[in-house]
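Numbering (the numbering used here), first residue to last: 29 to 197.
The beta carbon of each residue, even a glycine, is placed where N, CA and C say it ideally should be.
Predicted model, so just to flag it, every value in this text is computed and none were measured.
What follows is a short report on a single structure.
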């Protein structure tokens, strides 16, 4: 990810804009478009949305002091090497059989939960290093937590929206 935001106002502006855009796309899809159209890796729209939800939960876990692997819903042994492909494959397998309405509902719910956690944060809070949110892991990144939040919300929405649009083209 090579783009970042520096303030809470910018973060919220990007999240709202990109959340609205991806939901506009998703709301216009039929159930068959959610489940029948697949990318070359075999992912459906539903799989993309379940993936985004899992990464919402990851940020929620960080902000609430819970283990990151639990937020993602993957075993610690899968998370610990930080192999993103393995983590994403585990997320994919875990959510494959979930019904569309459950995936849609959890996407909305986790977004709302995340926004409630961001709401009381000030710019200074968002500029704290990632590692400050993980006291048991002091060797973690010095990057500000705003980068993680942005990367797993606004940036992630745009990334997956472009892939979903390509699948449907």
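Sub-8 Å separation of residue 162 and residue 90 beta-carbons: yes
Rounded distance between the beta-carbons of residue 84 and residue 138, thought under 8 Å: 4 Å
Buried/exposed call for residue 142, threshold 16 Cβ in 10 Å: buried
Buried versus exposed, by CB contacts within 10 Å (16 or more), residue 81: buried
Straight-line Cα distance separating residue 40 from residue 76: 22 Å
Buried versus exposed call for residue 144 [16 or more other C-beta atoms within 10 Å across all chains shown]: exposed
Contact check, residue 178 vs residue 79, beta carbons under 8 Å: no
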